[in-house]
Every structure is written in structure tokens, then in C-alpha cells.
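Position in the sequence shown counted from 1, then plus 355, gives you our numbering.
From the three backbone atoms N, C-alpha and C, an ideal C-beta is built for every residue, glycine too.
In this text, all values refer to a predicted model and were calculated from it rather than measured experimentally.
One structure is given below, encoded as C-alpha cells.
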Amino acid sequence: MTAPRIETDLDKIRHNARRLVQRLGRDGIRVTAVTKAVCGHPDIARAMLDGGVAGLADARIENVERMRCSGIKSPICLIRTPMISQTDRITHTCDASYNTELDAIHELSQSALRANTVHGVILMVEMGDLREGIMPGDLDAIAQKVLKIPGIDLRGIGANFACLGGAAPDQQAMNELSDLAAKIEGPGGPLLVTVSGGNSSNLPFVFAGGNSGRVNDLRLGEAILLGVDPISTDRIDGLWTDAFTLVGEVIESNFKTRFGETPTASPTSTLVRTAADIQHVRQSIVALGEQDTDIEGLSPPAGLAFIGATSDHLVVETPNVRLPIGAEISFQPNYSALMRAMAAPNVEKVMRNRRPQSRGRAAEKIRYRLAVA
Ligand SMILES: *Cc1c(COP(=O)(O)O)cnc(C)c1O
């Protein structure tokens, strides 16, 4: 098998999704699975759907189109504020999008009307992360305008935490989000289908028994894929943390002579080299580099230490063993390493425990292409 490659155990993704769906279901919270870190890989998206998630979400239209082209029919939401240059593609492939700009919503309206469809809009509220979001004080006025825009269906509101600013969600933030939903709805009662409370960083709050109020949806990427809480990087109880393995191949193994340098006692000469400083280091090169992944985000196997990495070479030290040329080394990626490996064209994507696709899919695929053409 070729290297470098990233292997996905789809059973572990199914398990993680199912556990989170069941656990959050007890609190009346649906799971929207976020596929952006795996570039919308259709097999991984399907594994998430097999686990019972209510729908999918991605930040990039290309990833959404990739999933649609492979025959995925579930609801898909665009979670990054739309680009005006892409609104036709968005209304064509996404059931809804997260929005913060009225101008963009007007463009989505035009696209939806042209295509004779209705596009769902979820308004993102700024709650301290200082990335995307409408200021809470402006939300109600904007929502009332959106309700009147033709071709647009105001589906709900959402917030995002701990992505840029690092603020984790707490009881106060959840209360505020619930109050904002109530304010938009007024005395008419529940009208917003979705109140999306955040991402994987919301899970510790929910699991600790926090009251999520009107929140009935979380958008989860990292928790499903890597089984960890993004803030603490702690494993979430009952989830697999090793669904992904990045495999690289050894291309050189040698003893290298390293010269250490010892400061001398004399203040005038700073460093001297002595025989005792010469070290023979057993080191190897793995054909993997910064162009393939985020090397800092890899956990090496036991008995192997990183010395350094460049764009195409990862130099490792193995004090106790000689790694033969052609040996494969497996690393565990964190979110950043996973994301880059999935996006790197030279890293092969290998899926384990794939389920056979139903026979209808090939036909659906062709029909979809025709609709796009
Ligand atoms: C990436 C993203 C998510 C998913 O975040 P995780 O920490 O991977 O769960 C949710 N919402 C938005 C808006 C995002 O951009």
C-alpha cells in the first residue's frame, strides 16, 4: 500500500456519532455533523449519518458539492457566512446556511427565487468568540427583516464558541441565546426550528448537567472525528480517539554524528568542542512533511522522538531500534494535522470498514450531475 496515507476506521466514526446522538438526545439536542476537517469526504459523511446525526454541515461549498455528487441526500448546511460570488451554488446544494450579513441574505434570496426554491437561513450571533456573528443587540431587528425576504426561510439562530477567542460556553451564554430566541419569536411562540448552541466545546457544559435552555442543536466535528473536547483535548467518555492514523514510510536510517558544544569556564572563549560532546544518534527520515500535515499535531509511537521536519522530510530518533528502509510508521493526528492531511493531494485516503453503497446511488449521482449542468 502506498504512503503517506491517512486511514479512517469508519466503524469508530459511526460509534462516536451514535454515542453523541444518544447522549445529547436525552437533553433534546440534535447533532449536526461537521465535515470540514475531512474535506467533506463522502464515506466519512455517510458514517456520521449511519450514526444517526440529523444532518451535515461544512464551511466550504466545494465540500458540500463533493458530498452531493456522491449521492448524499441528507440536509446539508453551510456553516461559514456565504460569499456573494457563490450564492447560486449554495442555494442549489445547501438546505440552509449560517448568515451574518443582510446583503448576503438578499443575494441568497435572488438565487433561491431564480431556482424556484426556498433557502433556510440561520442567523449567527456574536457571543464572545469574536469571529463571525451579529451583535446580540442587533439580532432582533435583522431577524424581523429576514422574515420578510422572499425565498428565504428564517430557520433559527446559532452561536459559536472557543474557535477564535477561546471563550467556552457557560450557563450565562446559553441563557442569553435562549432569551434571544424568545425575543425574535415574540408572543407568537416557538417559530425557530433550530437554536444551535455551538460546537464540540459545548459538550463539557452539557455533560456536566448545564441547562441548554432552547438550544436543540450542536454542530460537532472534532468530538465525532477525534473523540476529544477541543479545549482540554481530554477524551470524551465512551468515544474512540484513534479513528484516524497517518502512515509514513522510512526512506533513510543511519547513525548521524551530532556535535554538542560545551560552554567553557573562560569568559573570553564561549564554546569549545570536546570528544565527549560527540554523539552518535540513530536517526531515520520518514517521507512526510509540512506539506502533508501539521507535524506538530502528530503523536509519535512509543520509542520514537521527533528531531525536526521540513516540507517533505520528518527526521526522527529511535534510540533502541533500527528502522529498516520501507518500514511504515503510524502517527495519531490532532485536529490540525488531520485537516491538513485530508486536504493534501499526495496523502492517500484509505477507508476501513466501508459499507457497500446501495445500488440506487450511481443513478442518483448521474441525475445530480445533470441537474448541475
Ligand atoms: C468548525 C465549526 C464547527 C465544528 O467545530 P468542532 O470544534 O470541530 O466541533 C461548528 N460550527 C462552526 C461555525 C464551525 O466553523
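- For S425, there is no enclosing alpha helix (DSSP H), as DSSP marks it with neither H nor E.
- Rounded to the nearest angstrom, the Cβ distance from L485 to L519 is 6 Å, consistent with a contact under 8 Å.
- Between the region 371-385 and the region 687-704 there are fewer than three inter-stretch CB-CB distances shorter than 8 Å, so the stretches are not counted as touching.
- Every beta strand (DSSP E) of 3 residues or more that sits fully in the region 540-622 is shown, in chain order, as 549-551, 572-575 and 599-614.
- Looking only at H668, G506, R709 and C424, the smallest Cα-Cα distance to G644 is reached by H668.
- I439 is not bridged by DSSP to any residue.
- Listed in chain order, the non-local C-beta contacts of Q712 below 6 Å within the same chain number zero, local neighbours out to five positions each way being set aside.
- I384 and G410 have their C-alpha atoms spaced approximately 13 Å apart.
- With a cutoff of 8 Å on beta-carbon distance, V561 and S555 are scored as not near each other.
- Closest in alpha carbon position to G483, among M529, R469 and D450, is M529.
- Of the residues L547, G506 and E481, the one whose Cα lies closest to the Cα of A522 is E481.
- Assignment of L653 by DSSP, reduced to helix, strand and coil, places it in the strand class.
- Taken atom to atom, the span from the alpha-carbon of M479 to that of V605 is near 47 Å.
- Here the alpha carbon of Y690 sits roughly 7 Å from the alpha carbon of A392.
- In this structure the region 507-518 lies against the region 464-477, because at least three pairs of beta carbons, one per stretch, are closer than 8 Å.
- Judged by their CB atoms, G553 and F516 are nearer to each other than the 8 Å cut-off.
- If the five residues before and after L678 are omitted, its C-beta is found closer than 6 Å to the C-beta atoms of V605, S608 and S639, all from its own chain and listed in chain order.
- Between L575 and L375 a beta carbon distance of about 6 Å is seen, short of the 8 Å cut, so the two are scored as contacting.
- E703: member of the beta strand (DSSP E) spanning E703 to R707, first to last residue.
- If you draw a 10 Å sphere on the C-beta of K367, you find 16 or more other C-beta atoms in it, and that means buried.
- Residue A696 holds the alpha-carbon nearest to the alpha-carbon of C394 among N708, A696 and V671.
- For P688, DSSP records a beta bridge to L653.
- By the criterion of a C-beta distance shorter than 8 Å, T387 is surrounded in its chain by V408, A409, G410, L411, A412, C432, S551, D572, L573, R574 and L575, once the five residues flanking it on both sides are discounted.
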